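Q: Structure provided below as structure tokens; questions to follow.
2 protein chains.
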Amino acid sequence: MSNQEKQNKKQLDEICPKSQNLSRWYTDVVTKAKLADYSPIKGCMVIRPYGYAIWENIKSLLDAEFKRLGHVNAYFPLFIPESFLTKEAEHVEGFAPEVAWVTKGGTDDLEERLAVRPTSEAIIGHMYSKWISSYRDLPVLINQWCNVVRWEKVTRPFLRTTEFLWQEGHTAHRTHEEAKEEVLQMLEVYKDVVQNDFAIPLVSGQKSEKEKFAGAVSTYTIEALMPDGQALQSGTSHDLGQNFAKAFDIQFLDSDGERKYAWTTSWGVSTRLIGALIMVHGDDRGLRLPPKIAPLQAVVIPIVYKESQPVLDKASEVVKRLAAVGVRAKNDDREGFKPGWKYSEYEMLGVPLRIEVGQRDLDKNQLCVVRRDTHEKIFIPDGELEVTVEKLLVEIQENLFKQAQEILNSKTFKAESFEEFIEVIKEKSGMADTVWCGSEECEAKFKEMGGATIRCLNGDAEGQACVCCGKTGKHRVYVARSY
Amino acid sequence: MSNQEKQNKKQLDEICPKSQNLSRWYTDVVTKAKLADYSPIKGCMVIRPYGYAIWENIKSLLDAEFKRLGHVNAYFPLFIPESFLTKEAEHVEGFAPEVAWVTKGGTDDLEERLAVRPTSEAIIGHMYSKWISSYRDLPVLINQWCNVVRWEKVTRPFLRTTEFLWQEGHTAHRTHEEAKEEVLQMLEVYKDVVQNDFAIPLVSGQKSEKEKFAGAVSTYTIEALMPDGQALQSGTSHDLGQNFAKAFDIQFLDSDGERKYAWTTSWGVSTRLIGALIMVHGDDRGLRLPPKIAPLQAVVIPIVYKESQPVLDKASEVVKRLAAVGVRAKNDDREGFKPGWKYSEYEMLGVPLRIEVGQRDLDKNQLCVVRRDTHEKIFIPDGELEVTVEKLLVEIQENLFKQAQEILNSKTFKAESFEEFIEVIKEKSGMADTVWCGSEECEAKFKEMGGATIRCLNGDAEGQACVCCGKTGKHRVYVARSY
């Protein structure tokens with residue numbers, strides 16, 4: 114039996130049910146759908162072709178949005194000299210503990226050790242100080258697609274890995290107003306793409322002082338809720354104020370003749386988003402991919418007993434017709450694999466639609482389409498193939514969002530007292546929608562409850578009392594444990 | 114004066130003439146066309162947005178070809194444990210002297226130091242041994258787009274940098290025949306793209322034993338010739354035989370029931386190609402980009418004296434009409450910059466066509482188009498805009514290739530004796546087309562002539578004598594100094 118056959122047989126073996134052990138289910142799906150594999154380097158994964166194809170789709174969706182909004186891509190060095198990292202005090206404090214250090218080049222010991230970039234504010238800040246000298250040079254709107262490294266103790270494919278792929282936008286502006294607009298604009302881009310294309314509902318808002326990015330004035334976040342009630346920070350957008358401009362001397366001559374520090378921002382999403390996709394949408398049979406992100410939107414499976422050229426011809430025809438209307442479709446006419454076996458395989462891969470082509474349906478001039486999200490079997494007249502498939506893909510996209518929204522709703526609870534708060538976090542394993550006075554003490558008390566943190570602020574809490582200390586509330590907040 | 118204005122003024126200052134000092138001219142163009150900038154990390158460059166846009170075009174051209182031929186993309190870890198790198202003896206010997214080593218993660222010293230990948234055969238070989246177990250699993254056709262690091266002593270933007278971006282294809286096959294076909298197929302892909310899209314003529318063929326990739330059975334190369342007569346290795350494709358399969362235990366069960374080692378290949382091109390583009394096509398006014406690779410194919414410049422709405426409207430219209438036929442065009446209607454100043458700027462950037470829109474031409478219902486390659490000024494009737502621009506872009510692409518071919522021809526000389534060989538290398542600063550007996554001694558003697566190396570084999574040398582020792586010739590070879 115070949116490796117592929119063995120692998121596939123394993124896929125047919127039941128994966129751990131999602132409701133039974135989410136963590137085991139997750140790693141089962143990651144490996145069985147061949148999204149990623151463990152590597153011999155601690156905490157580093159290999160992103161396999163199927164997982165990478167999802168990342169390519171994510172990249173092209175986001176990249177188009179970034180460019181539409183005037184951003185351009187560039188590439189900055191992987192290595193950051195230690196002295197650069199230390200220029201912004203909070204920044205180095207936040208990142209130093211998780212930096213991988215290069216200390217040797219070839220046979221030489223380096224005079225100054227080099228950080229493998231955990232994020233690129235420091236090196237980009239330095240370059241911007243060279244490139245910017247007048248208000249006419251602003252804004253600078255640059256994005257970078259690259260790998261970054263953070264030395265993590267506990268890792269999990271996609272969700273938290275030592276090395277990951279991401280994009281990091283870095284912009285410089287003339288005024289704080291303009292920088293803040295950029296920060297919120299990019300948060301909206303992330304929200305749109307994650308909600309509309311990934312079908313993942315979100316809560317979003319500003320981070321608390323304690324949870325913000327090391328070196329930022331303020332951080333905005335999008336947070337998805339996993340089925341176990343833990344939040345997953347899925348993208349962040351930072352208002353860096355003039356902190357990095359001052360640390361790296363990014364100054365410009367304004368039209369009034371005064372030299373001023375620029376206002377900078379940074380924002381990023383990573384391969385972690387693939388972890389969110391798996392967690393939120395997957396079920397006991399494997400992945401369920403939203404059509405807009407799925408590398409393969411429809412798989413055509415010819416059901417052939419002995420020789421059956423008409424069935425094979427129809428299968429090819431179906432793929433061609435779907436490709437012609439822009440549907441990503443494939444014909445799996447491999448011999449030596451039974452149709453039922455193939456069905457399971459593509460369910461594991463989360464392909465939104467399966468189209469079965471058999472002689473019986475051919476005789477009736479119809480096709481059998483099966484939805485991955487609902488397992489519903491639909492017979493459609495041959496002539497309605499394209500329009501029905503397009504309609505179903507839209508419906509699946511919407512349904513996945515709706516189901517995920519229901520999970521988010523069912524796991525989010527208003528907590529009006531600290532007893533309720535404890536109940537939400539500890540017993541209901543949910544996310545608390547509650548009130549906070551703004552003090553570090555109360556934030557620390559939230560954390561005593563199983564490590565729950567303020568995921569984001571959620572508007573003013575006028576006239577409401579802090580759920581923890583009872584004093585005047587400052588913010589409504591979402592509080593949950595997190596990945 | 115803003116940074117941009119200053120920068121642009123500098124552009125108007127003459128750059129060092131290409132014929133006077135190629136090396137200075139090269140760095141002038143790289144920095145003034147804002148393709149790249151020097152970074153504070155020794156040997157590492159920043160690829161600026163304009164340079165990166167060229168890389169994005171290169172990527173999308175090659176990626177489409179790779180996928181058309183059945184390859185898929187994936188991502189493997191940046192770090193390779195030292196013990197993996199040492200598994201293939203020649204491989205480690207070739208790469209160890211130029212490896213950057215990570216020895217510390219956070220505050221911990223690592224038990225085993227990690228190489229920042231100089232190339233990924235070792236880590237990919239290890240993963241393939243996990244993934245491949247039957248002949249049915251073959252071929253594996255994976256490509257990776259990523260950054261790699263080689264600790265170089267002497268560097269130059271794009272041509273040789275400590276960190277660079279590249280793609281590395283890694284395939285595994287059932288038979289040596291199939292692997293060899295893959296190696297030659299990918300060499301052809303590189304040749305096609307570099308000759309047809311980059312308009313850079315090449316010589317190509319097998320490397321000598323001495324010049325082949327560390328760990329390969331044989332290496333094939335494409336070589337471009339720079340205007341100073343030095344060759345630039347522009348892409349390589351390696352037949353790795355079973356060397357890496359044996360080192361990493363990539364075995365499969367064949368249909369005859371026997372366990373066999375797979376046959377592997379690897380092949381890559383890098384951001385170095387951008388260096389070749391600059392070197393080969395640039396002139397004393399800056400870059401000249403082949404239309405197929407140019408981020409911007411036509412720039413429209415409205416010539417406005419005081420208020421002139423019709424001119425501005427026409428300029429926008431021209432861009433829209435060109436975009437509609439797939440031409441990458443932009444309207445530069447920035448105020449405060451004189452047309453002549455803009456002309457120089459876009460010449461520096463190598464934009465193939467400039468379209469001047471002025472009232473006088475408008476009155477005649479015509480447009481003025483200027484070719485970057487020949488500086489020829491062409492007046493075209495407004496109605497013929499699209500068809501003429503498309504035709505001119507094709508002509509420019511062909512002309513750049515033709516001019517480069519002439520340089521290649523004029524710098525390549527047959528050497529029938531060792532005296533002639535010395536003359537070609539030392540006096541004519543050219544590439545010798547000559548005969549080699551195949552011995553290491555004669556290869557070493559070539560090298561004594563200013564560091565000239567065999568760039569590639571060029572067919573059998575039946576009945577011809579080695580230019581060096583006079584014994585029976587084995588190969589016709591191209592010999593030149595190189596970057």
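Residue numbers (the working numbering), protein chains in the order written: chain Z, 114 to 596; chain Y, 114 to 596.
No residue lacks a Cβ here, since even glycine has one placed at the ideal position from N, Cα and C.
What you are looking at is a predicted structure, and each value in this text was computed from that prediction instead of being measured.
#1: Are three or more beta carbon pairs between the stretch 388-405 of chain Z and the stretch 281-293 of chain Z nearer than 8 Å?
#2: Chain Z beta carbons: is any one of them nearer than 9 Å to that of Asp150 (chain Y)?
#3: So, with DSSP's three-state summary, where would you put Val470 (chain Z)?
#4: Mind the definition here: the stretch 550-567 of chain Y touches the stretch 352-365 of chain Y only if three or more C-beta pairs lie below 8 Å; say whether that holds.
#5: Going by alpha carbons, who is nearest to Ile237 (chain Y) out of Y:Pro270, Y:Arg249, Y:Ala285 and Y:Glu265?
#6: Buried or exposed: Tyr418 (chain Y), going by 16 or more other Cβ atoms within 10 Å of its Cβ?
#7: Would you identify the three-state DSSP class for Gly318 (chain Z), choosing helix, strand or coil?
#8: To the nearest angstrom, how far is the alpha carbon of Asp445 (chain Z) from that of Pro408 (chain Z)?
#9: Counting only runs that start and end within the stretch 210-274 of chain Z, where is the alpha helix (DSSP H) found for 4 or more residues in a row?
#10: What three-state label does DSSP hand His283 (chain Y) in the structure shown?
#11: Is there a Cβ of chain Z sitting closer than 9 Å to that of Ile154 (chain Y), yes or no?
#12: Is the Cβ of Val432 (chain Y) closer than 9 Å to any Cβ of chain Z?
#13: For His239 (chain Z), would you say it is in contact with chain Y, using Cβ-to-Cβ distances shorter than 9 Å as the test?
#14: Taking 7 Å as the limit between beta carbons, can you name the residues of its chain near Arg398 (chain Z), skipping five residues before and five after?
#15: Could you tell me whether the stretch 157-171 of chain Z touches the stretch 196-207 of chain Z, using the rule of 3 or more Cβ pairs below 8 Å?
#16: List the DSSP bridge partners of Ile603 (chain Z).
#17: Determine the chain Y residues that contact Cys569 (chain Z) at a beta-carbon separation under 8 Å, and present them in chain order.
#18: Residues in the same chain with beta-carbon distance under 7 Å from Ala428 (chain Y), minus the five sequence neighbours each way, listed in chain order, please.
#19: Report all residues from its chain with a CB closer than 7 Å to the CB of Leu425 (chain Z); omit the five preceding and five following residues, and keep chain order.
#20: At what residue ranges does the stretch 435-465 of chain Y contain a whole run of the beta strand (DSSP E), taking only runs of 3 or more?
#21: Would you list the one or two residues that DSSP bridges to Ser429 (chain Z)?
#22: Assuming His283 (chain Z) and Pro153 (chain Y) make a contact with CB atoms under 8 Å, what is their CB distance in whole Å?
#23: So which of Z:Asp495, Z:Leu505, Z:Val500 and Z:Gln479 has the shortest CA-CA distance to Glu489 (chain Z)?
#24: What does a CB cutoff of less than 6 Å around Asp141 (chain Z) pick up in its chain, not counting 5 residues either side in sequence?
#25: Beta-carbon within less than 6 Å of Gly449 (chain Y)'s beta-carbon, same chain only, minus the 5 sequence neighbours each way: which residues are those?
#26: Measuring alpha carbon to alpha carbon, tell me which of Y:Glu458, Y:Leu466, Y:Gln410 and Y:Pro194 ends up nearest Ile491 (chain Y).
#27: Closer than 7 Å between beta carbons: that is the criterion. Which residues of the stretch 206-217 of chain Y meet it against chain Z?
#28: If you follow the alpha helix (DSSP H) that Ile535 (chain Y) is part of, which residue opens it and which one closes it?
#29: Looking at the structure shown, is Gln422 (chain Y) part of a helix, part of a strand, or coil, going by DSSP?
#30: Is the stretch 515-528 of chain Y touching the stretch 306-316 of chain Y, taking contact as three or more C-beta pairs under 8 Å?
#31: May I have a chain-ordered list of the alpha helix (DSSP H) segments no shorter than 4 residues that lie completely inside the stretch 382-418 of chain Y?
#32: Would Ala65 (chain Z) be called buried (16 or more neighbouring beta carbons within 10 Å of its own) or exposed?
#33: Helix, strand or coil, according to DSSP, for Arg568 (chain Z) in the structure here?
#34: Which runs of the alpha helix (DSSP H) at least 4 residues long sit entirely within the stretch 335-383 of chain Y? Give them in chain order.
#35: DSSP three-state label for Gln577 (chain Y), please.
#36: What do you reckon, are the CB atoms on Val502 (chain Y) and Val482 (chain Y) nearer than 9 Å?
A: Once the coordinates are examined:
#1: no
#2: For the purposes of this step, residue 150 (chain Y) is identified with residue 37 of the second sequence, where counting begins at 1. Answer yes: the Cβ-Cβ gap between Asp150 (chain Y) and chain Z drops below 9 Å somewhere.
#3: By one-based count along the first sequence, residue 470 (chain Z) stands at place 357. Val470 (chain Z) falls in the strand class under three-state DSSP.
#4: no
#5: The residue given as residue 237 (chain Y) occupies position 124 in the second sequence. For Ile237 (chain Y), the nearest C-alpha among the options comes from Y:Ala285.
#6: Sequence index remark: in the second sequence, residue 418 (chain Y) carries index 305 (1-based). Result: exposed.
#7: As a first step, residue 318 (chain Z) is located in the first sequence; it is residue number 205 there, counting from the start. The answer is strand: DSSP assigns Gly318 (chain Z) an E or B state.
#8: Counted from its first residue, the first sequence places residue 445 (chain Z) at position 332. Counted from its first residue, the first sequence places residue 408 (chain Z) at position 295. The straight-line gap from Cα to Cα measures roughly 15 Å.
#9: 234-244
#10: Looking up residue 283 (chain Y) in the second sequence gives position 170. In this structure, His283 (chain Y) counts as strand in the three-state DSSP scheme.
#11: For the purposes of this step, residue 154 (chain Y) is identified with residue 41 of the second sequence, where counting begins at 1. So, interface residue.
#12: Residue mapping note: residue 432 (chain Y) aligns to position 319 of the second sequence, counting from 1. It does not; no Cβ of chain Z falls within 9 Å.
#13: Residue 239 (chain Z) sits at position 126 when you count from the first residue of the first sequence. Output row for His239 (chain Z): interface = yes.
#14: Working through the first sequence from its first residue, we reach residue 398 (chain Z) at position 285. Counting only Cβ-Cβ distances below 7 Å, and skipping sequence neighbours, we find Glu460 and Met461.
#15: no
#16: The shown model of chain Z, from 114 to 596, leaves out residue 603 (chain Z), and the question about it has no answer.
#17: What you label residue 569 (chain Z) is simply residue 456 of the first sequence in a count that begins at 1. Chain Y residues near Cys569 (chain Z): none, gap ~28 Å exceeds 8 Å.
#18: Stepping through the second sequence from its first residue, residue 428 (chain Y) is reached at position 315. Excluding positions up to five away in sequence, the list reads Val413, Pro415, Asn444, Asp446 and Val470.
#19: Reading the first sequence from its first residue, position 312 is the one you call residue 425 (chain Z). Excluding residues within five positions, the ones whose Cβ falls inside 7 Å are Pro415, Val417 and Asp446.
#20: 442-444
#21: Indexing the first sequence from 1 puts residue 429 (chain Z) at position 316. According to DSSP, Ser429 (chain Z) bridges with nothing at all.
#22: In the first sequence, the residue the question calls residue 283 (chain Z) occupies position 170. In the second sequence, the residue the question calls residue 153 (chain Y) occupies position 40. At roughly 16 Å, the Cβ-Cβ gap does not stay under 8 Å, so His283 (chain Z) and Pro153 (chain Y) are not in contact.
#23: The count along the first sequence starts at 1 and reaches residue 489 (chain Z) at position 376. If we check each option's Cα against that of Glu489 (chain Z), Z:Leu505 comes out closest.
#24: By 1-based counting over the first sequence, the position of residue 141 (chain Z) is 28. Only Ile128 and Cys129 meet the Cβ criterion.
#25: Here residue 449 (chain Y) refers to the residue found at position 336 when the second sequence is read from its first residue. The answer is none, since no qualifying residue turns up.
#26: Within the second sequence, residue 491 (chain Y) is the residue found at index 378, counting from 1. It is Y:Leu466.
#27: Pro210, Glu211, Val212, Ala213, Trp214, Val215, Thr216 and Lys217
#28: For this step, residue 535 (chain Y) is matched to residue 422 along the second sequence. Element bounds for Ile535 (chain Y): Phe531 to Ile535.
#29: Within the second sequence, numbered from 1, the residue matching residue 422 (chain Y) stands at position 309. It is helical.
#30: yes
#31: 385-394
#32: Only positions 114 to 596 of chain Z appear in the structure, and residue 65 (chain Z) is not among them; the question remains open.
#33: As a working mapping, residue 568 (chain Z) is identified with position 455 in the first sequence. Looking at Arg568 (chain Z) - three-state DSSP - the assignment turns out to be strand.
#34: 356-361
#35: Here residue 577 (chain Y) is taken as the residue at index 464 of the second sequence, counted from 1. Reduced to three states, the DSSP call for Gln577 (chain Y) is coil.
#36: Counted from its first residue, the second sequence places residue 502 (chain Y) at position 389. Counted from its first residue, the second sequence places residue 482 (chain Y) at position 369. Yes, Cβ-Cβ distance for Val502 (chain Y) and Val482 (chain Y) is below 9 Å.
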